[in-house]
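*Asks:*
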Amino acid sequence: MHKKQNILIIGAGLCGSLLALRLGQRGFNVTVFEKRPDLRKVNISAGRSINLAFSNRGNKAMKLVGLESKVKQLCIPMNGRMIHDIHGNTFQSNYSGKDHEYINSISRRDLNALILNEAEKHENVNIYFNKKCKSVNFEKTTALFKDNQTKNEFIEDADVIIATDGVGSIMRKSYYLGKKFLFSFSQNYLTHGYKELSILPKLNGEYKIHKNALHIWPRGSFMLIALPNLDGSFTVTLFLSYNEGKYNFSNLTTKAKVLEFFQKEFPDALAVMPNLLDDFFTNPTSPLGTIKCSPWHYKGNTLLMGDAAHAIVPFYGQGMNAAFEDVVVFDTILDQHKNNWETIFKAYENARKKDTDAIADLAIDNFHEMKDHVANPIFQEKRKIEMALEKEFPEDYASKYSLVTFNENTGYREAMLKGRAQDKAILNMLADNSISITDNINIILEKVKKETEAILEDDRIAGLK
Ligand code: FAD
903 MHKKQNILII GAGLCGSLLA LRLGQRGFNV TVFEKRPDLR KVNISAGRSI NLAFSNRGNK
963 AMKLVGLESK VKQLCIPMNG RMIHDIHGNT FQSNYSGKDH EYINSISRRD LNALILNEAE
1023 KHENVNIYFN KKCKSVNFEK TTALFKDNQT KNEFIEDADV IIATDGVGSI MRKSYYLGKK
1083 FLFSFSQNYL THGYKELSIL PKLNGEYKIH KNALHIWPRG SFMLIALPNL DGSFTVTLFL
1143 SYNEGKYNFS NLTTKAKVLE FFQKEFPDAL AVMPNLLDDF FTNPTSPLGT IKCSPWHYKG
1203 NTLLMGDAAH AIVPFYGQGM NAAFEDVVVF DTILDQHKNN WETIFKAYEN ARKKDTDAIA
1263 DLAIDNFHEM KDHVANPIFQ EKRKIEMALE KEFPEDYASK YSLVTFNENT GYREAMLKGR
1323 AQDKAILNML ADNSISITDN INIILEKVKK ETEAILEDDR IAGLK
């Protein structure tokens, strides 16, 4: 394959800008069209959540393109979950028993801007803003765009088109509507939506609540979370049902009702959110869904990547990390298959889809864990045991959370199968009192390993592995 080939990327979000950078580094001619204005020049929200949890898989991608140290400067470490109960009491549950394992809060806009800047340093990479893709002719490898400023429409062709245009992907829509090949597609919404709120800094710029944690107010069927920003503020997200329960997005329509809800459920958060009502009635309520589809490519002409191929709910903090990991996997495949794009696209999807399907399912699991289980005593006991095992046997034990978040060389599917079996093993043994946190830690490890292996063997027999 000739390096001078023209690659057209649709969407300059997190995945598209990273892909442009990497393909630019590899010497391809890359053109990117983004529908929004340049987020480095215009004060627009970068779209979707303001800040994100960034962890090892994303960092592996940053290492690949040489941006690790620059990204580190944008990161705020979060060592664990700070759980807030209904009376305002807090306790921190660390993400790992190993001190060097933590996640980070990062600004979507700053990260996207950094990657765009790096991509544009390559003269073979050109990025155009305010150009909205309207449809893709995947048989001819062309895409129709509209310039949002001049309103002119134009067609671009390329040797290959890669769509990284996110959850509402136009190319995925063209696959679906085109009915030219067997394209499978599913979209599943949660009955919950989300709304972004904020905790502003103190007048002297300090953080009003503990900086280095992901704060959670778990309330069973709904929750509030908060992640820190570099300016001393927190971005707060309320996850709540649209229609169900005493309080829901459909009935929180008056200031009095919103205040009543927060006073009752999140009194300590309300105390540091004098701007709550402004935020609540200004910011949109948005849905949360999972998208799975296949195939991701049409012959050797076009390919879907990032959220366009596999959007997930945000509860594992992995959507962006997975989109970045896509670029790492794609890069490896480019090294392995130098012959033609169709072989590359096929090999990429074969290598990747099982893992993105797994993280989609894990993210739903974590929704229930965060809003409910974290406040449950048996779950807390399990976490204590996992932390003790990770601390004592750093080479021998990693919890499901650690396998997903900190073990970037283990695929999501492997992490899911092993992690779920471990969870089941510990919970079963806690429930029938065959282990306890006061037992000898060597004996706990032995029992957990044995029980996990038995569960994995059952899964193998049942054909789940
Ligand atoms: P996007 O970031 O959505 O980028 C798509 C780009 O394409 C955008 O710039 C868009 O303007 C552009 N575009 C769209 N349509 C067109 C068009 N027709 N023509 C041209 N351009 C177009 N992930 C994490 O890893 N950690 C987290 O903590 C986390 N928290 C989240 C919280 C919330 C509330 C949500 C909703 C998501 C969260 N995610 C998180 C997921 C993460 O936001 C996505 O997985 C990530 O943004 C995917 O990157 P992407 O480039 O594929 O898509």
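Mind the numbering: the sequence shown is residues 903 to 1367 in my numbering, read in order. Note that CB positions come from ideal geometry on N, CA and C, so glycine has one too.
Name the residue from ARG942, THR1137 and GLY915 whose alpha carbon lies nearest to the alpha carbon of MET1207.
*Replies:* GLY915
*Asks:* Cβ of VAL1069 within 7 Å of any heavy atom in the ligand FAD?
*Replies:* yes
*Asks:* CB-CB under 7 Å to LYS1194, same chain, minus the five flanking residues each way: which ones, in chain order?
*Replies:* Beyond the five residues adjoining it in sequence on each side, LYS1194 comes within less than 7 Å, by CB distance, of SER1088, HIS1212, ASP1259 and ALA1262 in the same chain, given in chain order.
*Asks:* Could you give the distance in angstroms between the alpha-carbon of GLY968 and the alpha-carbon of SER1188?
*Replies:* 34 Å
*Asks:* Considering only the alpha carbon of each residue, which of VAL1069, GLY1147 and ARG1254 lies closest to ILE1214?
*Replies:* VAL1069
*Asks:* Flag this pair as touching only if the region 1014-1027 and the region 1162-1172 have three or more C-beta atom pairs under 8 Å; answer yes or no.
*Replies:* no
*Asks:* Using C-beta distances below 6 Å, list every residue in its chain close to TYR1149, excluding the 5 sequence neighbours before and after it, in chain order.
*Replies:* PHE1163
*Asks:* Give the straight-line distance between the Cα atoms of THR1204 and THR1043, rounded to the nearest whole angstrom.
*Replies:* 7 Å
*Asks:* DSSP beta-bridge partners for LYS1097?
*Replies:* Within the DSSP secondary-structure output, LYS1097 pairs in a beta bridge with LEU1140 and THR1187.
*Asks:* So LEU1099 and LEU1190 are in contact, right, with Cβ under 8 Å, and what is the actual spacing, rounded?
*Replies:* LEU1099 to LEU1190, Cβ: 16 Å. No contact.
*Asks:* I need the straight-line Cα distance from GLY926 to MET1331, nearest angstrom please.
*Replies:* 52 Å
*Asks:* Which residue or residues does DSSP assign as beta-bridge partners of TYR1091?
*Replies:* GLY1191
*Asks:* Could you tell me if LEU1079 is buried or exposed, where buried requires 16 or more neighbouring beta carbons within 10 angstroms of its beta carbon?
*Replies:* exposed
*Asks:* Between which residues of its own chain and PRO939 is the CB-CB distance below 7 Å, once the five residues before and five after are set aside?
*Replies:* ILE946, PHE1031 and ASN1032
*Asks:* Once DSSP output is grouped into helix, strand and coil, what is the label at MET1207?
*Replies:* coil
*Asks:* Could you check where the alpha helix (DSSP H) with ILE1057 kicks off and where it finishes?
*Replies:* Counting along the chain, ILE1057 falls outside any alpha helix (DSSP H), though it belongs to the beta strand (DSSP E) covering 1055-1059.
*Asks:* Run the proximity test for MET1222: is its beta-carbon closer than 7 Å to any non-hydrogen atom belonging to the ligand FAD?
*Replies:* yes
*Asks:* Where ILE1017 and ALA1290 are concerned, what is the direct C-alpha to C-alpha distance, given to the nearest angstrom?
*Replies:* 38 Å
*Asks:* In the DSSP assignment, what residue or residues form a beta bridge with HIS986?
*Replies:* THR992
*Asks:* Can you have a look at GLN1324 and say buried or exposed, based on whether 16 or more other CB atoms are within 10 angstroms of its CB?
*Replies:* buried
*Asks:* Could you have a look at THR1052 and say whether DSSP puts it in helix, strand or coil?
*Replies:* coil
*Asks:* Mark PHE1183 as exposed unless 16 or more other C-beta atoms lie within 10 angstroms of its C-beta, in which case mark it buried.
*Replies:* exposed
*Asks:* If you draw a straight line from the C-alpha of LYS1081 to the C-alpha of ASN1114, how long is it?
*Replies:* 49 Å
*Asks:* Looking at the structure shown, is MET1289 part of a helix, part of a strand, or coil, going by DSSP?
*Replies:* helix
*Asks:* Do you know whose CA, among ASP1180, LEU1172, ILE1008 and TYR1096, lies nearest ASP1143's CA?
*Replies:* Per the sequence shown, residue 1143 should be read as Ser rather than Asp. Out of ASP1180, LEU1172, ILE1008 and TYR1096, the CA that lies nearest to the CA of SER1143 is found in TYR1096.
*Asks:* What are the boundary residues of the alpha helix (DSSP H) that LYS965 is part of?
*Replies:* 958-966
*Asks:* Would you tell me roughly how many angstroms separate the C-alpha atoms of VAL1160 and ASP1180, rounded to the nearest one?
*Replies:* The alpha-carbon atoms of VAL1160 and ASP1180 are separated by roughly 11 Å.
*Asks:* Should VAL944 go down as buried or exposed, given a rule of 16 or more other Cβ atoms within 10 Å for buried?
*Replies:* exposed
*Asks:* What's the gap between the Cα of GLU1283 and the Cα of SER1338?
*Replies:* 8 Å
*Asks:* Alpha carbon to alpha carbon, what distance is there between ASN996 and SER1135?
*Replies:* One Cα belongs to SER1135, the other to ASN996, and the distance between them is close to 22 Å.
*Asks:* If you check the beta carbons only, do SER971 and ASN1006 fall under 8 Å apart?
*Replies:* Result no, Cβ atoms of SER971 and ASN1006 do not sit closer than 8 Å.
*Asks:* Reducing DSSP to helix, strand and coil, say where ALA948 ends up.
*Replies:* Its pLDDT being 46, under 50, ALA948 is placed unreliably by the model, and the measurement read from it follows with that caveat. Three-state result, ALA948: coil.
*Asks:* Looking at the structure shown, is LEU916 part of a helix, part of a strand, or coil, going by DSSP?
*Replies:* helix
*Asks:* Shortest alpha-carbon distance to PHE930 belongs to which of GLN907, ALA955, GLY918 and GLU1108?
*Replies:* GLN907
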